[in-house]
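Here's the structure we're looking at; comments come further down.
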Amino acid sequence: MGSRIEGTALALRSWFFRGSHNCNGNMYQYPIKPAADTYQQFQSISNQWVIPDMMERQSPRPCVGGKNRFPLARSIFLTGCVTFLVLYSLLVPALSQEAADFISIDCGGKGFKDVATEIEWLPDEKYLGSGKVLRERFVAVPATVTLDNDNLKTLANANLVQTAMVFLPRVNGISPSKYCYVVGVRNTTNYLVRVMFPPRNLTANDPSIDLSRYTSRFYFTVDSTFIATIELAPVLPKTVELVVTPLDKNMYICLIPLEDRSSMPAVSTIELRPLPNELYLQGRQEIQTADITNEQGDVVPPKAVGNTGLRTSYLITVSRLNFGGNISLPPIRYPSDQHDRLWYPAGFSDTTQLSAINATRTPVDPKIIATWDNNWDFPGEVLETAWEGRNPNLNFTVAFNLTGSRSLRPINTFYFGMTFVYPDESGGVQNVYLSAAGGSEISWTSVAPLPFAVIISRNFKQTFNGDSNFFTFSSLNATVPPKVNAFDLLGEFEADTKRTKPDDGSTITDFANNLGQRVDIFVDTSGDPCLPVPWNWIVCSIESPPRITQINISSTGASGKIPSDFGNLDQLTVLDFSNNTFTGELPESLASITTLRELNLAHNKLGGDIPIFQIIMQ
Numbered sequence: 001m002g003s004r005i006e007g008t009a010l011a012l013r014s015w016f017f018r019g020s021h022n023c024n025g026n027m028y029q030y031p032i033k034p035a036a037d038t039y040q041q042f043q044s045i046s047n048q049w050v051i052p053d054m055m056e057r058q059s060p061r062p063c064v065g066g067k068n069r070f071p072l073a074r075s076i077f078l079t080g081c082v083t084f085l086v087l088y089s090l091l092v093p094a095l096s097q098e099a100a101d102f103i104s105i106d107c108g109g110k111g112f113k114d115v116a117t118e119i120e121w122l123p124d125e126k127y128l129g130s131g132k133v134l135r136e137r138f139v140a141v142p143a144t145v146t147l148d149n150d151n152l153k154t155l156a157n158a159n160l161v162q163t164a165m166v167f168l169p170r171v172n173g174i175s176p177s178k179y180c181y182v183v184g185v186r187n188t189t190n191y192l193v194r195v196m197f198p199p200r201n202l203t204a205n206d207p208s209i210d211l212s213r214y215t216s217r218f219y220f221t222v223d224s225t226f227i228a229t230i231e232l233a234p235v236l237p238k239t240v241e242l243v244v245t246p247l248d249k250n251m252y253i254c255l256i257p258l259e260d261r262s263s264m265p266a267v268s269t270i271e272l273r274p275l276p277n278e279l280y281l282q283g284r285q286e287i288q289t290a291d292i293t294n295e296q297g298d299v300v301p302p303k304a305v306g307n308t309g310l311r312t313s314y315l316i317t318v319s320r321l322n323f324g325g326n327i328s329l330p331p332i333r334y335p336s337d338q339h340d341r342l343w344y345p346a347g348f349s350d351t352t353q354l355s356a357i358n359a360t361r362t363p364v365d366p367k368i369i370a371t372w373d374n375n376w377d378f379p380g381e382v383l384e385t386a387w388e389g390r391n392p393n394l395n396f397t398v399a400f401n402l403t404g405s406r407s408l409r410p411i412n413t414f415y416f417g418m419t420f421v422y423p424d425e426s427g428g429v430q431n432v433y434l435s436a437a438g439g440s441e442i443s444w445t446s447v448a449p450l451p452f453a454v455i456i457s458r459n460f461k462q463t464f465n466g467d468s469n470f471f472t473f474s475s476l477n478a479t480v481p482p483k484v485n486a487f488d489l490l491g492e493f494e495a496d497t498k499r500t501k502p503d504d505g506s507t508i509t510d511f512a513n514n515l516g517q518r519v520d521i522f523v524d525t526s527g528d529p530c531l532p533v534p535w536n537w538i539v540c541s542i543e544s545p546p547r548i549t550q551i552n553i554s555s556t557g558a559s560g561k562i563p564s565d566f567g568n569l570d571q572l573t574v575l576d577f578s579n580n581t582f583t584g585e586l587p588e589s590l591a592s593i594t595t596l597r598e599l600n601l602a603h604n605k606l607g608g609d610i611p612i613f614q615i616i617m618q
């Protein structure tokens, strides 16, 4: 053993200290300007039906908890392209197994049961990392959304945006690096993730807190992947919907304040819906590229995984349309869509060329009728309506402006599926040509309906340089009019599949959890230690996976014993526990950290022997 520790102070310092890279700020290199807060109604240009770049939409929910609910609704879907007014209708289905697996979080609220879908919405206490301490220290503040009557009449899901959880900057000296909701998931399953952000007009439930003094721009991430820069709109909520694969048994949905910690992140709802792995096959790899933990808790290395169907990229919803649907009704969702996707009715103003048809006289069952390339799982109710041309040779265009989705983050690659259902046309001939045009790129596909009920679906991948037009039109020898039932458009971007090295992550998380109730600095222990930004009191390397290289909790009031497993942090260069009240002996495992350049334990109550450190000169 080395020297004996006597008294209350120890300072061991190496003057050939080499600083490590700090990954703080990695995600801030390219902040993305948020989408505009404007919206447009459907426009009819000749025979073109133009779908603008902002989606004013969300599905309604019924009155719960005795609050006033407003049926006519509209909200901003950040990546969408269509404006709709939707009218609430009451429907009470039985709860299915799919809904039992749904996770629905009522942020800042008390939870409720949606009587329209029988889906349970839960309060956010058990999901918000360090939530109890954040509430006690008035960092996490429940708030009420205040809207005037005119906006309430046109706002979708007014009941969803009546509450929010708001995170205040620099309260009582506490300024966490991020605020994360930690949601337990099956990491061998893809998820639909839908997050709604409230409008700017918020009032804290505590009347002594003035929210108007804070800015409302912040970053939104899922696990280690940067999704978008969010800025709360004045009066309308914003929704982002993704298809993701979790990195492990916990998914981190995080709000990150601006670099100067001056901003006020806020969120109203978080929804997770498990998806079959055969749904949305686009962009997947044959072999998983990192270890995964199966449902039995076993770590499975990449070579043993095989064809998982799990995503190595994220999809972001741009638009999901139900052609021919009643625009005075709310979008189709669960239970009609077992995955709880939202299908919005697409209306048109020029009835001289197009008509909306309802095929309920010939109900469509997608499970028994013929399908081509149908890995989109279009719900039957969506397939029962369509846009139909009024003559066989009509050319009609659906035009999309992709500016809205690209204002969230750079997106060049898009996937889309369209469905054409032809119930028994008595052998009519219809060759429908579909083109997707963006910049100079055009792709064509011909679909020929069979003389019986058939779903004809196509999956397309297209790289767009600018805005895009999607066309469907018929051939000259057609004997039946063209028709289209459904359209699903998603953008794709690369996901960050890294997390802090497991030994580092578990060691530092256990240490923080043991001291967190007593030390203010450990309020900043939410989500992954290093990604997408590190906790304020640690420094991480930029390698993959990240390693913890510095820990500084000097003068924080920390006490207790230094954990025996700190030797797991074998890339530490700086460990500063000075000016606290730690007791006991230094763990022998510290001596195994050959990278350590600075160890400062001065002004504690430590005793015992100093381990013999084997410092490797660099």
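In this text, residue positions in the sequence shown follow UniProt numbering: the first is 1, and each later residue adds one. Positions of the beta carbon are idealized from the N, C-alpha and C atoms, including for glycine. As the structure is a computational prediction, the values presented were derived from the model and not from experiment.
Take the Cβ of residue i as the centre, count every other Cβ of all protein chains shown within 10 Å, and call the residue buried at 16 or more, exposed below.
i	result
proline 410	exposed
aspartate 609	exposed
asparagine 513	exposed
lysine 501	buried
lysine 113	exposed
asparagine 391	exposed
lysine 178	buried
threonine 479	exposed
aspartate 528	buried
aspartate 337	buried
aspartate 101	exposed
proline 207	exposed
When the Cα atoms are used, what is the spatial distance from residue i to residue j?
i	j	result
valine 318	serine 407	12 angstroms
leucine 168	aspartate 570	35 angstroms
tyrosine 334	lysine 126	25 angstroms
valine 161	leucine 232	12 angstroms
leucine 147	asparagine 205	15 angstroms
glutamate 598	phenylalanine 493	41 angstroms
asparagine 604	lysine 249	38 angstroms
glutamate 388	isoleucine 332	20 angstroms
phenylalanine 487	arginine 320	6 angstroms
threonine 594	tryptophan 121	50 angstroms
arginine 261	glycine 108	21 angstroms
serine 541	threonine 549	6 angstroms
threonine 312	threonine 245	7 angstroms
leucine 596	glycine 567	11 angstroms
proline 611	serine 564	12 angstroms
glutamate 278	valine 145	39 angstroms
phenylalanine 378	serine 526	38 angstroms
tryptophan 537	isoleucine 551	6 angstroms
leucine 134	cysteine 530	20 angstroms
tyrosine 314	threonine 188	15 angstroms
Cα-Cα, which of the options is closest to residue i?
i	options	result
lysine 110	Thr269, Glu384 and Pro330	Thr269
methionine 251	Thr163, Ser224, Val115 and Pro545	Ser224
isoleucine 227	Pro234, Tyr219 and Ala233	Tyr219
arginine 273	Cys254, Leu211, Leu342 and Asn322	Leu342
leucine 242	Asp260, Arg213, Tyr280 and Gly380	Tyr280
phenylalanine 400	Asn536, Thr188, Gly491 and Phe378	Gly491
lysine 483	Pro546, Asn393, Tyr415 and Thr403	Asn393
valine 182	Ile103, Arg547 and Val240	Ile103
threonine 573	Leu586, Ile562, Asn579 and Leu590	Leu590
aspartate 106	Thr163, Gly404 and Val240	Thr163
asparagine 579	Asn412, Phe414, Glu118 and Ser559	Ser559
Report yes if the CB atom of residue i is closer than 8 angstroms to the CB atom of residue j, and no otherwise.
i	j	result
alanine 99	phenylalanine 197	no
proline 237	proline 199	yes
leucine 601	threonine 583	no
threonine 221	proline 532	yes
valine 523	threonine 556	no
leucine 329	tyrosine 191	no
glycine 347	tryptophan 376	no
valine 141	isoleucine 253	no
leucine 247	threonine 497	yes
residue 619	isoleucine 508	Not covered by the structure: residue 619. The range shown for the chain is 1 to 618.
tyrosine 214	serine 175	no
valine 166	leucine 202	yes
isoleucine 316	serine 405	yes
Name the two residues that bound the continuous beta strand (DSSP E) containing residue i.
i	result
arginine 273	269–275
proline 345	344–346
Closer than 7 angstroms: is that where the CB of residue i sits relative to any heavy atom of the ligand FMN?
i	result
methionine 418	The model on display carries no ligand, and the ligand FMN is accordingly not part of it.
For the alpha helix (DSSP H) holding residue i, just list the boundary residues, first then last.
i	result
arginine 135	131–136
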